[in-house]
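The sequence shown: position 52 = 53 (this note's numbering), numbered continuously.
Report on one structure; see the data block that follows.
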Amino acid sequence: MKHAEQLEGIENCPPKKARQVGNEAVWRWVQSPLHARDLDARAVHDPDVREDCKGWGLSVYRTREIAESELRRVTAPPAWKRKRSQAVMLALRPGDGLLCGDPDGHMTLFESASANLYGRAAEVQAVPMCL
Numbered sequence: 002m003k004h005a006e007q008l009e010g011i012e013n014c015p016p017k018k019a020r021q022v023g024n025e026a027v028w029r030w031v032q033s034p035l036h037a038r039d040l041d042a043r044a045v046h047d048p049d050v051r052e053d054c055k056g057w058g059l060s061v062y063r064t065r066e067i068a069e070s071e072l073r074r075v076t077a078p079p080a081w082k083r084k085r086s087q088a089v090m091l092a093l094r095p096g097d098g099l100l101c102g103d104p105d106g107h108m109t110l111f112e113s114a115s116a117n118l119y120g121r122a123a124e125v126q127a128v129p130m131c132l
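Set out below in structure tokens:
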């Protein structure tokens with residue numbers, strides 16, 4: 002797993018209920034143009050979440066519509082969310098990692114060390130904002 006050393010230091014991380022990903026698509030908020038840093042776990046750059054298991058995974062959504070709805074729901078978002086006003090589809094393959102969370106909403110993707118999500122990112126689209 003990516004960040005294996007950090008994950009081992011957090012109890013039940015990734016959670017036991019996490020499942021292996023298959024051939025499936027998920028959506029993530031990103032900047033435009035897409036940068037590899039957009040696919041970093043938040044804990045890589047934010048020391049405040051390094052003790053939180055989810056901080057070492059990627060926040061993703063099952064569909065573009067869910068990702069858009071959640072981004073619009075955030076009122077007065079922090080700067081990192083304001084900058085991420087694009088949604089990108091990530092084409093997952095078996096072996097890319099583990100997913101946990103609500104399959105109809107927000108999920109956390111714990112990447113395997115060999116995952117190449119940046120190379121398979123597609124369909125970067127602006128999220129229409131109603132602010």
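C-beta: ideal position from N, C-alpha, C; glycine also.
Assuming residue i is part of the alpha helix (DSSP H), what are its boundary residues?
i, result
"residue 114", "Here residue 114 belongs to no alpha helix (DSSP H), and DSSP marks it neither H nor E."
"residue 70", "65–74"
Excluding the 5 residues preceding and the 5 following residue i in the sequence, name in chain order all residues of the same chain whose CB lies nearer than 6 Å to its CB.
i, result
"residue 54", "11 and 14"
"residue 51", "44"
"residue 40", "118 and 119"
"residue 109", "55, 58, 101 and 102"
"residue 7", "57"
"residue 61", "27, 29, 108 and 110"
What did DSSP end up calling residue i once you bin it into helix, strand or coil?
i, result
"residue 118", "coil"
"residue 20", "strand"
"residue 10", "coil"
"residue 58", "coil"
Closer than 7 Å by C-beta to residue i: which residues in its own chain qualify, once you throw out the five before and the five after it? Chain order, please.
i, result
"residue 67", "106"
Let's see if you can read the secondary structure: which residues bound the beta strand (DSSP E) around residue i?
i, result
"residue 102", "98–102"
"residue 90", "87–93"
I'd like the ranges of any alpha helix (DSSP H) spanning at least 4 consecutive residues and lying wholly in the segment 23–47. 43–46
Is it the case that the segment 32–41 contacts the segment 98–110, given that we only count it when at least three CB pairs across the two stretches are under 8 Å? no
Taking contact to mean 3 or more Cβ pairs, one atom from each stretch, closer than 8 Å, check whether the segment 86–103 and the segment 15–26 are in contact. yes
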